[in-house]
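These notes are about the structure you will find just below.
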Amino acid sequence: MRTRKREAFQNRTAWDTIDDFGEQWRKYTGNTGYYGSTDSLIALFGNLLSAGDIRGKRIADVGAGSGRYTRMFHSMGAASILAIEPSSAMEVLQRNTADLDRIEYLQARADEIPALGFDGVFCIGVLQFIPDPDASLQAMGKALGPGGKLFLWVYGRENNEAYLRLSAPIRAVSWRLPHTALDFAAASLAAIASLYALVCRHARLRLPLSEYLLGYYGKLDFYSRKLIAYDQLNPKYAKYYRREELETLLRRNGFSDIRMHHYLNYSWSAVATYVGG
5 MRTRKREAFQ
15 NRTAWDTIDD
25 FGEQWRKYTG
35 NTGYYGSTDS
45 LIALFGNLLS
55 AGDIRGKRIA
65 DVGAGSGRYT
75 RMFHSMGAAS
85 ILAIEPSSAM
95 EVLQRNTADL
105 DRIEYLQARA
115 DEIPALGFDG
125 VFCIGVLQFI
135 PDPDASLQAM
145 GKALGPGGKL
155 FLWVYGRENN
165 EAYLRLSAPI
175 RAVSWRLPHT
185 ALDFAAASLA
195 AIASLYALVC
205 RHARLRLPLS
215 EYLLGYYGKL
225 DFYSRKLIAY
235 DQLNPKYAKY
245 YRREELETLL
255 RRNGFSDIRM
265 HHYLNYSWSA
275 VATYVGG
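In this text, residue positions in the sequence shown follow this note's numbering: the first is 5, and each later residue adds one.
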């Protein structure tokens with residue numbers, strides 16, 4: 005009985021999160037400046053990603069949202085892209101990529117990705133919002149062809165402890181807010197974070213999240229900063245992974261040759277191959 009209740013809760017939470025992100029991407033349809041640049045993608049994975057991992061390859065973009073990474077993969081020469089998005093933002097995704105060729109669309113969750121033998125499956129900023137990630141990882145592994153790779157990025161637990169203590173009471177309320185109120189809260193949080201970024205830039209001491217704020221956040225325009233704040237406040241569920249926890253999760257679901265990159269000391273990027281199991 006307890007297992008069934010947990011599964012029902014996870015399923016309900018997953019769909020609530022999908023609905024919230026659908027609303028988010030219908031509101032924030034733009035991918036501007038550094039936020040929408042291939043430079044940001046390359047920096048995210050460090051030496052785990054090369055141009056050869058995308059150019060001429062068959063790519064799946066899991067949780068494509070408003071098409072931010074889909075456009076990047078296209079500009080980097082992907083042979084074909086399957087853009088997968090479960091939410092009502094599918095119409096935004098299609099509109100934002102309507103000028104591009106070699107793209108197909110599928111309205112589906114991560115655990116519904118078809119086994120089409122992809123060279124690369126990219127799941128960037130998605131897995132941390134899935135309450136039960138095992139089925140999704142197994143499906144993404146089976147979707148890869150021989151020699152194919154999973155490229156993953158998630159929130160990290162390390163160095164985020166202070167932020168999580170401060171944000172927990174805010175998030176306990178914010179995900180319940182109507183989106184108009186959430187939009188105002190996101191703008192306020194972005195303004196505060198921008199001021200803190202200025203303090204980090206001029207402070208002689210290393211402050212919490214300073215590497216992230218100076219290495220990424222400070223490069224963004226205010227629209228993108230507000231979007232990131234909204235992204236933090238919006239979802240009902242969000243998981244922050246420790247390195248060993250993410251590695252264990254990947255191995256448990258059939259992945260090996262796992263390489264990881266601690267991006268700006270606040271999040272984890274990972275590349276892995278699927279061996280089954």
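We put the CB at the ideal spot given by N, CA and C, even for glycine.
Query                                                                                                         : Result
C-alpha gap between residue 199 and residue 206, whole angstroms                                              : 11 Å
Spatially closest choice to residue 192 from 226, 176 and 211, by CA coordinates                              : 226
Among 26, 69, 272 and 76, nearest to residue 245 - alpha-carbon criterion                                     : 272
Contiguous beta strand (DSSP E) assignments of at least 3 residues, all confined to the stretch 98-181        : 107-110, 122-128 and 148-159
Buried versus exposed call for residue 24 [16 or more other C-beta atoms within 10 Å across all chains shown] : buried
Coil, strand or helix - residue 264 by DSSP                                                                   : strand
Opposing strand residues paired with residue 275 [DSSP bridges]                                               : 155 and 263
Beta carbon of residue 124 nearer than 7 Å to that of residue 61                                              : yes
Length of the line joining the Cα atoms of residue 72 and residue 42                                          : 10 Å
Touch test, the stretch 105-116 against the stretch 71-89, Cβ-Cβ under 8 Å, three pairs minimum               : yes
Range of the contiguous beta strand (DSSP E) that encloses residue 87                                         : 84-88
Where the beta strand (DSSP E) through residue 63 begins and ends                                             : 62-66
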